[in-house]
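Report on the following structure.
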Amino acid sequence: SIPSDRRKVAGQRLGRYDVLYLLASGGMGSVYVGRQSGMAGFERLVAIKTLHPHLAEEDQFVNMFLDEARLAARIRHPNVVATLDISESPMDGYFLVMEYVEGENLAALLKRSVSSGTQLPVTIALRIVLDALQGLAAAHGLTERDGRRLNLVHRDVSPQNVLVGADGISRLTDFGIAKAEVNVSTTRHGQLKGKLSYMAPEQATHGKVEQRSDLFSMGIVLWEALTQKRLFRGKTNAETLHKVLISESPPPSSVRRELAPFDKILARALAKSIDERFQTAQEMIEAI
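For any residue, its number in this note's numbering is found by taking its place in the sequence shown, counting from 1, and adding 2.
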């Protein structure tokens, strides 16, 4: 049993990492900024993800969490946040150590742009999405050592999981926990939990996901990055689900006429039929 004070992680030391402060917290766990120290004054900042206590006590979830974290650690690409370490603390259970990216996630960037009355330039929006697609292509192409494809699916592509670095590079994050979260939600509750407004129709209805489902989600990200409006958001989950499953996506030119060159691209990316969408991330990259 993990102690109830497990949330008080900031200021502690987890293995060889000093936990500095809380960065973000969500339904699955919390992310902290930490510092790794070494010989001769070596140190670097890292991001440390811990699980919420009620999830860390469930063997089924922990096993899937570790399996998926191992997969995420194998994705080595400049547009994917690197998973550096998987470790365990007697007091705090399992935790992941990831590359620390100084910057903002795309959701925060768009929110700030809207609140300030400014428009994110189209060229910047495209660069961010193209970087994220390059990272997704690397994940989708991951293979076993014998060359067999793993068919890895992110399952939680959203603006919150696209980190826009101060170095000008955007990175996709949250591979490991996203897949585990879907599996646990369907087996324990018979329903999906997650960002419903960024799910593909087949994922929102019965949890069936494949790589082309990620591309639908990336289409939503592109639509919102270009228009700076939400695509599938209702007042209730039922209304949001109806929009995802039934509503046709308006062309971006209906929001801003100068976005007309992207109408056909987004019509294909957001096709309800999985066979009518882009079939690979690379295909979507080339179209953009």
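We put the CB at the ideal spot given by N, CA and C, even for glycine.
- Straight through space, the alpha carbons of R46 and L247 are spaced by roughly 45 Å.
- For A202 against F218, the beta-carbon gap comes to about 4 Å, under 8 Å, which counts as contact.
- For the options D158, W225, N163 and I130, the alpha carbon positioned closest to that of A269 is the one of W225.
- Just so you know, the alpha carbons of T120 and E90 end up roughly 44 Å apart.
- Fully enclosed beta strand (DSSP E) runs of no fewer than 3 residues occupy 85–91, 95–101, 105–107 and 164–167 of the region 84–168, in order along the chain.
- Nearest neighbour of L108 by Cα position, chosen from R279, V131, R78 and V211, turns out to be V131.
- Nearest to D61 by alpha-carbon distance, out of Q38, A42, K51 and Y96, is Y96.
- About 11 Å separates the Cβ atoms of V21 and V33, ruling out a contact at the 8 Å cut-off.
- Sequence-distant Cβ neighbours of V159 in its own chain, meaning closer than 6 Å and more than five residues away, are D216, S219 and M220.
- Around Q284, the same chain offers A139 as residues with beta carbons nearer than 6 Å, after the five sequence neighbours per side are excluded.
- Counting only runs of 4+ residues, the alpha helix (DSSP H) found wholly inside the region 210–275 occupies 213–229, 239–247 and 265–271, in chain order.
- The Cβ-Cβ distance between E106 and V166 falls below 7 Å.
- Within the same chain, and ignoring the five residues on either side of I77 in sequence, the residues whose Cβ sits closer than 7 Å to its Cβ are A140, A141, L144 and F177.
- The straight-line gap separating the alpha-carbon atoms of P263 and K231 is approximately 18 Å.
- Between R173 and V82, the C-beta spacing is below 7 Å.
- By the beta-carbon neighbour count (other beta carbons within 10 angstroms, threshold 16), K266 is exposed.
- In the DSSP assignment, T175 falls outside any beta strand (DSSP E) and carries neither an H nor an E.
- Rounded to the nearest angstrom, the Cβ distance from T52 to G31 is 5 Å, consistent with a contact under 8 Å.
- Contact annotation, A273 with M286: C-beta distance approximately 12 Å; criterion of less than 8 Å not satisfied.
- Y102 and A110 have their C-alpha atoms spaced approximately 17 Å apart.
- The C-alpha of K237 lies about 11 Å from the C-alpha of H244.
- Rounded to the nearest angstrom, the gap between the Cα atoms of D87 and E250 is 43 Å.
- Where A42 is concerned, there is no enclosing beta strand (DSSP E), because DSSP gives it neither an H nor an E.
- In this structure, R279 sits near R214, with a CB-CB distance shorter than 7 Å.
- When only Cα atoms are considered, L261 and L228 end up about 8 Å apart.
- Less than 7 Å divides the Cβ of V211 from the Cβ of R157.
- Note on geometry: alpha-carbon atoms of V48 and S256 lie some 42 Å from one another.
- Counting along the chain, A26 sits inside the beta strand (DSSP E) bounded by residues Y19 to S27.
- Around the beta carbon of T175, 16 or more other beta carbons sit within 10 angstroms, so the residue counts as buried.
- In the three-state scheme derived from DSSP, where H, G and I count as helix and E and B as strand, I50 is classed as strand.
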